[in-house]
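In the UniProt record's numbering, the protein residues as written are 1 to 105.
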């Protein structure tokens, strides 16, 4: 049996230096929102339901109808992540209920 000399491990390449955030000059033709279009947000409509009690809430079941004091001619607030972004009105599109944006906040 012959003994073999231990081989040296190959010298690993030096690791790339990680740097922190870099200051980037703002382009005149790009807005800050152009950098984040992929961020998710939740849209919500606020429909006023007055005189609604906890009892009413507990009695809700599939098929329940909740009466609102919303007038068809009134615009409803549209919120994105709880922030008011505009006003909308209901519209029927085919067999679906939709909202049309009538004003931006």
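Using N, Cα and C, we set each Cβ at its ideal position, and we do this for glycine too.
Query	Result
Which same chain residues, not among the five before or five after residue 68, have their C-beta less than 7 Å away from its C-beta?	47, 48 and 49
Helix, strand or coil for residue 54, going by three-state DSSP, please let me know.	helix
Using 8 Å as the cut-off, can you tell me whether the stretch 29-48 makes contact with the stretch 74-82, which would need three or more C-beta pairs spanning the two stretches below that distance?	yes
What three-state label does DSSP hand residue 95 in the structure shown?	coil
For residue 41 and residue 60, what's the separation of their Cα atoms in angstroms?	28 Å
Find out if the Cβ-Cβ distance for the pair residue 91, residue 99 is shorter than 8 Å.	yes
On the DSSP bridge assignment, give the partners of residue 39 in chain order.	In DSSP, residue 39 forms no bridge with anything.
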